[in-house]
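Just below is one structure, and these are the notes that go with it.
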Amino acid sequence: MSDETILVTGAAGFIGFHVTQKLLQAGRRVIGLDNINSYYDPKLKEARLDVLKNDPAFS
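Under full-length UniProt numbering, the sequence shown has 31 at position 31, and the numbering climbs by one with no breaks.
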């Protein structure tokens, strides 16, 4: 396992959310970044971020 922290842009989107989950499951530290625009439902994006925030390796 590497000590590197990975930056995922679009972490609240469909692809970014799933990539972030896989990285966290692999034991990586992840910084997630998303602008939460209204192109897709912001409530859905917030719900995805709430799931990710439960992992101490996510910020």
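A virtual CB, placed ideally from N, CA and C, is assigned to each residue, including glycine.
* Going by beta carbon distance, what residues of the same chain come within less than 8 Å of residue 20, once the five residues before and after it are set aside? -> The beta carbon of residue 20 sits closer than 8 Å to the beta carbons of 8, 11, 30, 32, 52, 58 from its chain, once the five residues preceding and following it are set aside; these are given in chain order.
* DSSP-derived helix/strand/coil call for residue 28 -> Coil at residue 28, not helix or strand.
* Since residue 46 is in the alpha helix (DSSP H), which residue starts that stretch and which ends it? -> Residues 42-53.
* Given that a residue counts as buried once 16 or more other Cβ atoms are within 10 Å of its Cβ, and exposed if not, what is residue 44? -> When all chains shown are included, residue 44 counts as exposed.
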